[in-house]
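Protein chains in written order, with this note's numbering: chain B, 5 to 139; chain W, 2 to 123.
Structure (structure tokens):
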């Protein structure tokens, strides 16, 4: 009787194979990337109570208005963003407790609000309020 | 074995993408000095350029948004509300959402912006 030599395969344990570790590595990378994509960043605003009233000294008040074209007015005078930044910085050095009160036209862009919030964070203006103006 | 691993990987990626948040095509407002505003429990309110409000992929009215926000706050008072609005949307829509939060006595709002490092995403 003729015997043909056969080669037996060695069974490989799944846990010992490289494929499983490769898969785990890829999954980890995938979930890390997904987690990073889902993280929101921006500004946290503390909202006051509705119709709440805060008493502020008029001397500490700095009035800013943004019209429908996103043009800025400081105490009734047209200014650009750089001039506003300098004016707020100078005022804050004199009056650290100053309050920045912003009136925003309903048709103004959302970016104008974000830019003002950014300005308050940049200059550490603690007292900051904004409301919608008359259309 | 590698074939099974590959198929498993595709399967898990597809399942994850199903749970992925519903992105709206908006131009994010840009700002620097941002901070991470993500919390454990989050509710995202999207506002398109034309003022349409979208929550969880569904277009809702202001009244509908108020109901969804109220439910989310009732379920978890510490839920973080994120506002993801187009930079060119009118302020009136943003003001209406802020007014809803004030009515519901929710004190914190996250304005999601792009820091400019990655165009189109926060």
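For every residue, glycine included, the Cβ atom is placed at its ideal position computed from N, Cα and C.
What three-state label does DSSP hand residue i in the structure shown?
{"i": "residue 106 of chain W", "result": "coil"}
{"i": "residue 79 of chain W", "result": "coil"}
{"i": "residue 77 of chain B", "result": "strand"}
{"i": "residue 100 of chain W", "result": "helix"}
{"i": "residue 67 of chain B", "result": "strand"}
{"i": "residue 152 of chain W", "result": "Residue numbering for chain W in the displayed model covers 2 to 123; residue 152 of chain W lies beyond these limits and cannot be assessed."}
{"i": "residue 86 of chain W", "result": "strand"}
{"i": "residue 52 of chain W", "result": "coil"}
{"i": "residue 61 of chain W", "result": "strand"}
{"i": "residue 56 of chain B", "result": "coil"}
{"i": "residue 162 of chain B", "result": "The structure shown does not extend to residue 162 of chain B, since chain B spans only 5 to 139, so no value can be given for it."}
{"i": "residue 129 of chain B", "result": "coil"}
Taking the C-alpha atoms as reference points, what is the distance between residue i and residue j?
{"i": "residue 44 of chain W", "j": "residue 28 of chain W", "result": "19 Å"}
{"i": "residue 81 of chain B", "j": "residue 97 of chain W", "result": "28 Å"}
{"i": "residue 64 of chain B", "j": "residue 95 of chain W", "result": "27 Å"}
{"i": "residue 137 of chain B", "j": "residue 24 of chain W", "result": "31 Å"}
{"i": "residue 135 of chain B", "j": "residue 106 of chain B", "result": "6 Å"}
{"i": "residue 114 of chain B", "j": "residue 46 of chain W", "result": "14 Å"}
{"i": "residue 86 of chain B", "j": "residue 41 of chain W", "result": "38 Å"}
{"i": "residue 66 of chain W", "j": "residue 53 of chain W", "result": "11 Å"}
{"i": "residue 8 of chain W", "j": "residue 16 of chain W", "result": "12 Å"}
{"i": "residue 103 of chain W", "j": "residue 90 of chain B", "result": "32 Å"}
{"i": "residue 69 of chain B", "j": "residue 80 of chain W", "result": "32 Å"}
{"i": "residue 87 of chain W", "j": "residue 106 of chain W", "result": "25 Å"}
{"i": "residue 121 of chain B", "j": "residue 74 of chain B", "result": "14 Å"}
{"i": "residue 13 of chain W", "j": "residue 29 of chain B", "result": "14 Å"}
{"i": "residue 82 of chain W", "j": "residue 126 of chain B", "result": "23 Å"}
{"i": "residue 101 of chain B", "j": "residue 133 of chain B", "result": "13 Å"}
{"i": "residue 54 of chain B", "j": "residue 108 of chain W", "result": "10 Å"}
{"i": "residue 93 of chain B", "j": "residue 58 of chain W", "result": "42 Å"}
{"i": "residue 59 of chain B", "j": "residue 66 of chain B", "result": "14 Å"}
{"i": "residue 111 of chain W", "j": "residue 68 of chain W", "result": "19 Å"}
{"i": "residue 31 of chain W", "j": "residue 116 of chain W", "result": "6 Å"}
{"i": "residue 60 of chain W", "j": "residue 89 of chain W", "result": "19 Å"}
{"i": "residue 116 of chain B", "j": "residue 36 of chain B", "result": "34 Å"}
{"i": "residue 77 of chain B", "j": "residue 39 of chain W", "result": "34 Å"}
{"i": "residue 84 of chain W", "j": "residue 83 of chain B", "result": "28 Å"}
{"i": "residue 62 of chain B", "j": "residue 103 of chain B", "result": "9 Å"}
If contacts are defined as beta-carbon pairs under 8 Å, then residue i and residue j qualify, I think. What distance do you get, rounded to the angstrom?
{"i": "residue 114 of chain W", "j": "residue 118 of chain B", "result": "6 Å"}
{"i": "residue 70 of chain W", "j": "residue 99 of chain W", "result": "About 11 Å separates the two Cβ atoms, so there is no contact after all."}
{"i": "residue 110 of chain B", "j": "residue 92 of chain W", "result": "6 Å"}
{"i": "residue 24 of chain B", "j": "residue 6 of chain W", "result": "7 Å"}
So if DSSP puts residue i in a beta bridge, which residue, or which two residues, is it bridged to?
{"i": "residue 42 of chain W", "result": "Answer is none; residue 42 of chain W lacks a bridge partner."}
{"i": "residue 135 of chain B", "result": "B:107"}
{"i": "residue 30 of chain W", "result": "None, per the DSSP bridge assignment."}
{"i": "residue 47 of chain B", "result": "W:112"}
{"i": "residue 82 of chain B", "result": "B:77"}
{"i": "residue 36 of chain W", "result": "B:46"}
{"i": "residue 24 of chain W", "result": "None, per the DSSP bridge assignment."}
{"i": "residue 113 of chain B", "result": "W:91"}
Are three or more beta carbon pairs between the segment 45-58 of chain B and the segment 25-36 of chain W nearer than 8 Å? The segment 45-58 of chain B is in contact with the segment 25-36 of chain W.
Check whether the segment 64-76 of chain W touches the segment 92-102 of chain B, counting contact only when three or more Cβ pairs, one atom from each stretch, lie closer than 8 Å. Using a C-beta cut-off of 8 Å, the segment 64-76 of chain W makes no contact with the segment 92-102 of chain B, since fewer than three inter-stretch Cβ pairs fall below that distance.
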